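Engineer:
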Amino acid sequence: VDEQHYNNNNNDEDDDMSTETPPKVIEAMEMVRRLHLLAASQQPQLHSLIYQLDSQLTQLFIDSKGVKQTTIDDFFHRD
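Residue numbers for the sequence shown follow the UniProt record's numbering, beginning at 1 and rising by one.
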């Protein structure tokens, strides 16, 4: 009976997660900034993991902006 109750509760949590709207990349980057604050004050062992996540989110943000600048000349020769 306890296992059935656990499974029902677990399914309810899964349903809640599937209807939740995921954050935008910029919102996730703000969350990571706040995680840096947590790590600095309470959980220093998390720093390397948070830096990896921060790096990946930053790359996603850059990639989402479309056109990339490849050289300094590209910056000055935009249409």
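Think of the CB as a built atom: it goes at the ideal place given N, C-alpha and C, for glycine as much as any other residue.
Computed from a prediction, not measured in an experiment: that's the story for all the values here.
Give me, in chain order, the residues of the same chain whose beta-carbon lies closer than 8 Å to that of residue 32; leave out the 5 immediate sequence neighbours on both sides.
Structural biologist: 50, 53, 54, 57
Engineer: Give me the residue from 40, 44, 59 with the minimum Cα distance to residue 26.
Structural biologist: 59
Engineer: Can you give the Cα-Cα distance for residue 46 and residue 72, rounded to whole angstroms?
Structural biologist: 36 Å
Engineer: Would you call the CB atoms of residue 29 and residue 61 closer than 9 Å?
Structural biologist: yes
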